[in-house]
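If you read the sequence shown in UniProt numbering, its first letter stands for residue 1, the second for the next number, and so on. Glycine residues also receive a C-beta, built at the ideal position from the N, C-alpha and C atoms. Here the structure comes first, spelled out in structure tokens, and everything after it is commentary.
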Amino acid sequence: MAVMKSLTTHIGGYPRIGAQRELKWALEKYWSSKITRDELEQTASELRQRHWQEQQGAGLSFVTTNDFSFYDQVLDTACVFGIVPERFGLSNTAVSLDDYFSLARGNKDHAALALTKWFNTNYHYLVPEISEKIDFTLNPDHILIPIREAIELGHNPKPVLIGPVTLLSLSRPARGSQINPLSRLPELLPHYAKLLQEIKAEGVEWIQIDEPILSCDLSPEQHKALASAYDYLSNTGTRPNILLASYYGKIANNLNRTLTLPVEGFHIDAVSAPEDICTAARYLPEGKVLSIGIVDAQNIWINDLNQSRATIEQVASRVPKELIWIGTSCSLQHVPHQLDSENHLDANILNWLAFAKEKLNEVSLLSRLFNDDHEESRFAHNATLIESRKTAAGSYVDSVRQRVSTELPKITLKRTAFETRQKSQREQLKLPLLPTTTIGSFPQTSEIRQARAKFRKGGLSHAQYQSFLQQKTKECIEHQEKLGLDVLVHGEFERNDMVEYFAEGLEGFAVTEFGWVQSYGSRCTKPPIIWGDVHRPKAITLDWIRYAQSLTNKPVKGMLTGTTTILQWSFIRTDIPRIEVSQQIALALRDEVLDLEASGTKIIQLDEAALREGLPLRKDEQAAYLEESCHSFLISTSGVEDSTQIHTHMCYSQFDAIFDTIIDLDADVISIETTRNRMALLDVFQQKNYPNEIGPGVWDIHSPRVPSVEEISDLIQRALQHIPAERLWINPDCGLKTRAWPETIASLKHLVQATLSARANLSEKFVSH
């Protein structure tokens, strides 16, 4: 009997930052004029070639192109089609690299494009601005040049491209415009069609067009746009075959319409929505390709090969094997690059993990299911590893489970009325009108990073490192007092990352050395791994907050990361329900909050920066998530006295869908990012009569530019149009970890000056806050 060849294999995209964050370092050197553009381009070319070789080495049928970006794939796509805001005064026919970075990072004259979450992930995209005046163009080199590179190296490229409906749905009207970006679709489509023709001319057989908007609740207009877009593109002259891809959630009620679109294949996320793949197999039009996104590209656990085999065999009972493709659920940009460099993880945990490079091999292995040599022993060994996760010491901790089941039901989650708490807090804190503060972190300089690395390598003793950190904390407090800030922070110099720091202090977590994932641009995070039951063996932050408070008479905030953000910015275990993990973390944080309060800390902040990003894309799934998130926050915060002020912080968010939950969190003060949208987010806070205090950001910390006093004053006045002065705080958008000290001092100086001016202009009845 003839041996059938393997199923077709591919991935949705590959991490572009590099195994050792080579792109990050090259970008930051280029931005500081330490390397030339040619050197930056050389680094990019080397990374692309290395990543293609890894895909080919794993035996994939295609290598993916156009997944590389110097900053953001949405900005790349916008530039390809000439979507350049008029306010920058740039040509949209040939966007230079420096112009591209101006759009991403801003410059001395213009604020950067808005930055927001990419669907329900921890990646951030730059929001294109659309107006009636923009003339779409086609600048295809960004896509065509890597295709040529790949072909010259002997690869079979499959470019990936953000689809027109998703691109326009994620765009916003330019300032001063009331246009619905999707209304420009008819004028954009000819340029997409022309691009497809040029890609085909390079010899490309297949292109993947991503429409993750399909995983959302679609409006009638979006349904119509999808139908018209793909009717138009399918009738393009000579073009590649189109694999239409969706991911990050279920397509569900959009699936039947999707399967009628005139394309050659469909990619379904079988991890987020396994029910979709079965439905798609049942109703797939004859002759169409069905790509099964069976390898999880958003988490780091090894694939359950036997479970995946069952899914693939179920599809194969309805779809001819030559029309089945095996792939990742979405782009692998959401997981670290490779396990090769992880030398200090527990051996058991290491056996349970698969990063991007390892996931290539999982895709390849699953493609060989119907071969005579599909390595049954690998499947048996995999089953043993899957089972060992459930029985490992630490995976089930009886005391943790007992606490959740017995103590949790006894906790009163409702605090006293906000007005009562507010009065008690004002009497104790005695803050001025429009109190100024920062979000938490201060610049993590190369000196601090080097000291941390030296300590971890044994070059500094524990006492030496602690002394160094104490000195930096002391300097930070002195800077804030000199600037005239009202509520201080200790600077977080002891923390490498706001989630990793707590992971290191909690049992049930593992921390990697090189598990970096791109957040945006050159910014990377290193998500910890939740593998076991979570509990707190001892206080985590207490010593640092007490030390900082001993240096000043002004209040110093206790700084914690909230449960939902820890969950969203970690790789979460999948062997127990998420809500159980949430409850365990919330109880551990409750202990930390009560310890801080008992030590005299008067203001405690639990950052929930990621609450909005975790919101399921479908409305019918959102209520359960929001209830869980709110419940965990209240578990952690509801035990404090009325006089203890609870803060929270949220960033990069569109708050409409979670506003009722924000109210239910009942934080005394919430700080939010609002600079890039010029306080537009406050509309919803005003419309819904947000009852508590709020600090809208007045300084965009994601850009290196220093805002003027006038700019900040303008934002404060805009904020005062929405929020009563007695409930308004003044603060930056987010933490200052990634900024340099000179721009930090200059910007905070301007922030304080603008605040003092605003106070002076307010009515005498608000002299005391």
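One alpha carbon belongs to Thr738, the other to Arg368, and they sit about 45 Å apart.
Boundaries of the beta strand (DSSP E) around Leu115: Leu115 to Lys117. Check the Cα spacing between Val698 and each of Asn235, Gly515, Thr674 and Val400: the tightest is with Thr674. By the C-beta density criterion, Pro186 is exposed, having fewer than 16 other C-beta atoms within 10 angstroms. Taking Ser636 as reference, the option from Ala680, Ile585, Ala657 and Trp206 with the minimal CA-CA separation is Ile585. In the structure shown, Thr64 adopts extended strand secondary structure according to DSSP, grouped into three states. Non-local C-beta neighbours of Leu626 in its own chain, meaning closer than 6 Å and more than five positions away in sequence, comprise Thr661, ordered along the chain. Counting along the chain, Asp607 sits inside the beta strand (DSSP E) bounded by residues Ile603 to Asp607. Within its own chain, the residues whose Cβ lies closer than 6 Å to the Cβ of Val706, once the five positions on either side in sequence are excluded, are Glu743, Ala746 and Ser747, listed in chain order.
A direct Cα-Cα distance of roughly 34 Å separates Leu182 from Ser45. Counting the other Cβ atoms within 10 Å of the Cβ of Asp683 gives fewer than 16, which makes it exposed.
Membership of Val593 in the alpha helix (DSSP H) is indicated by the continuous run Arg578 to Ala598.
Of the other Cβ atoms in all chains shown, fewer than 16 fall within 10 Å of the Cβ of Ser317; this residue is therefore exposed. Cβ-Cβ separation between Leu360 and Ile11: approximately 7 Å, consistent with a contact (criterion under 8 Å). Restricting attention to alpha helix (DSSP H) runs no shorter than 4 residues, the region 402 to 486 encloses them at 418 to 429, 446 to 456 and 462 to 483, ordered along the chain.
In the three-state DSSP reduction, Leu182 falls in the helix class (H, G or I).
In the three-state reduction of the DSSP assignment, Trp352 falls in the coil class. Between Trp352 and the set Asp67, Thr384, Ser364 and His337, the nearest pair of CA atoms involves Thr384.
Between Gly59 and Ile326, the alpha-carbon positions lie close to 12 Å from each other. Residue pairing by DSSP places Tyr230 in no beta bridge whatsoever. The secondary-structure analysis by DSSP pairs Glu693 across a beta bridge with Val669. In summary, Thr437 is buried, with 16 or more beta-carbon neighbours lying within 10 Å of its beta-carbon over all protein chains present. Contact between His267 and Ser519 does not hold, since their C-beta atoms are separated by about 25 Å, which reaches or exceeds 8 Å. If you ignore the 5 residues before and after Thr279, its C-beta comes within less than 7 Å of the C-beta of Leu255, all in its own chain and listed in chain order. Judged by DSSP secondary structure, Thr561 falls within the beta strand (DSSP E) whose first and last residues are Gly558 to Thr561. Counted as a single uninterrupted DSSP element, the beta strand (DSSP E) harbouring Lys158 occupies residues Pro157 to Ile162. Note on the region 254 to 294: whole alpha helix (DSSP H) runs with a minimum of 4 residues are 255 to 259 and 274 to 283, in chain order. By the beta-carbon neighbour count (other beta carbons within 10 angstroms, threshold 16), His381 is exposed.
At the C-beta level, His649 and Asp700 stay beyond 8 Å of one another. With 16 or more other CB atoms across the displayed protein chains lying within 10 angstroms of its CB, Asn692 is buried. Assignment of Ala112 by DSSP, reduced to helix, strand and coil, places it in the coil class. By the criterion of a C-beta distance shorter than 6 Å, Phe62 is surrounded in its chain by His10, Asn156 and Lys158, once the five residues flanking it on both sides are discounted. Under the DSSP definition of a beta bridge, Asp210 partners with Ile162 and Ala245. Shown here, Ser570 sits in coil according to DSSP, grouped into three states, outside any helix or strand.
In the DSSP assignment, Ala510 forms a beta bridge with Ile529. Residue pairing from DSSP places Leu728 in a beta bridge opposite Ile694.
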